[in-house]
Amino acid sequence: MKILSISTATNELSVALNEDERLIVEKNELDERNHSEHLDPIIDEILNKNKLKLKDIDRFAVAIGPGSYTGLRIGVTTVKMFASILNKEVVGVSTLQALAASCSEEDTLVVAGIDARNDNFFAGAYLNENGQPVNVIPDGHYHIDVLLTAINEYLNDHKPKKLLFIGSGFDKQIEQLDTLELPYSFGSGEQNAIHAGLIGKLALNKEPVDPDLLLPNYLRRTQAEVDWHKKTGNPFGPDSNYVEEV
Numbered sequence: 001m002k003i004l005s006i007s008t009a010t011n012e013l014s015v016a017l018n019e020d021e022r023l024i025v026e027k028n029e030l031d032e033r034n035h036s037e038h039l040d041p042i043i044d045e046i047l048n049k050n051k052l053k054l055k056d057i058d059r060f061a062v063a064i065g066p067g068s069y070t071g072l073r074i075g076v077t078t079v080k081m082f083a084s085i086l087n088k089e090v091v092g093v094s095t096l097q098a099l100a101a102s103c104s105e106e107d108t109l110v111v112a113g114i115d116a117r118n119d120n121f122f123a124g125a126y127l128n129e130n131g132q133p134v135n136v137i138p139d140g141h142y143h144i145d146v147l148l149t150a151i152n153e154y155l156n157d158h159k160p161k162k163l164l165f166i167g168s169g170f171d172k173q174i175e176q177l178d179t180l181e182l183p184y185s186f187g188s189g190e191q192n193a194i195h196a197g198l199i200g201k202l203a204l205n206k207e208p209v210d211p212d213l214l215l216p217n218y219l220r221r222t223q224a225e226v227d228w229h230k231k232t233g234n235p236f237g238p239d240s241n242y243v244e245e246v
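For the sequence shown, the UniProt record's numbering gives the first residue as 1, with consecutive numbering after it.
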């Protein structure tokens, strides 16, 4: 199965082509969130170099969040369009699970996170089980104190040998992290980036979804939604309802 995967969740753009479990090529670019300009040319470059066309791809995969609101919409919209037009399979993968997949060590609690500013993080914790990162602390939008409480509660009931923080912003929280009950370490430079090749590997074992039902998973309300709620007084609902109303 040929899988074309992309991540536009952060300022690092990543596109990869996988053949089943094998990574054929991955291209990463720090483009300061200009994904709308760079994504299509990179996809074309990868396909051309491998003598493929979009119709030759069996499954499309994308990081659905958390991450940059604009970035996520670009990535999700792109794969929805490809899958709908070509009648191909599409899979959404958690950005945090993709981060956690960079650690293959057993018995290691991997806390994957993206700095959300003001001591807040988009974060979740994972354990490697049979080569797959399994979510054990739900992906969410956490203040650092709430996140560390959740980690300590997990450590009280489970005894992983190692604790690893992967992603962005954790190196600014050393004073708080030092209160944890288990010694910790930080991911390497490569581990702290989101790799489309890992998204492709995760997507191989996920159930495809209807392209029309694939939505970004922001993990918190956008400012537009907040403003809409204040203006209309209507309760928050699924993203699709909000999009239809505006």
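Positions of the beta carbon are idealized from the N, C-alpha and C atoms, including for glycine.
Restricting attention to L127, K88 and G71, the CA atom closest to the CA of R59 is found in K88. Exposed is the label assigned to V134, since fewer than 16 other Cβ atoms lie within 10 Å of its Cβ. When the five nearest sequence neighbours on each side are left out, the beta carbons in the same chain lying within less than 6 Å of the beta carbon of A193 are those of E12, in order along the chain. Here the segment 115-123 does not lie against the segment 75-94, with fewer than 3 beta-carbon pairs under 8 Å apart. Between the segment 167-177 and the segment 139-157, the count of C-beta pairs closer than 8 Å reaches three or more; the two stretches touch. Secondary structure note for G71: its alpha helix (DSSP H) is the uninterrupted segment Y69 to L86. Among the bridge pairs identified by DSSP, G65 is matched with S94.
Contact annotation: T8 and L39 have beta-carbon atoms nearer than 8 Å. K80 and N34 have their C-alpha atoms spaced approximately 20 Å apart. Where G200 is concerned, there is no enclosing beta strand (DSSP E), although the alpha helix (DSSP H) around it starts and stops at A196 to A203.
The C-beta distance from V25 to I43 rounds to 11 Å, too long to fall under 8 Å, and the pair is not in contact.
Contact annotation, G197 with L23: C-beta distance approximately 4 Å; criterion of less than 8 Å satisfied.
A direct Cα-to-Cα measurement between I74 and Y218 gives close to 13 Å. Apart from sequence neighbours up to five positions away, the residues of its chain that approach G67 with a beta-carbon distance below 7 Å are A9, T10, T95 and I114, ordered along the chain. Put simply, the backbone Cα of D20 is about 10 Å away from that of L202.
Take P211, set aside five residues on each side of it, and the residues of its chain with a beta-carbon closer than 7 Å to its own are K80, A83, S84 and V90, in chain order.
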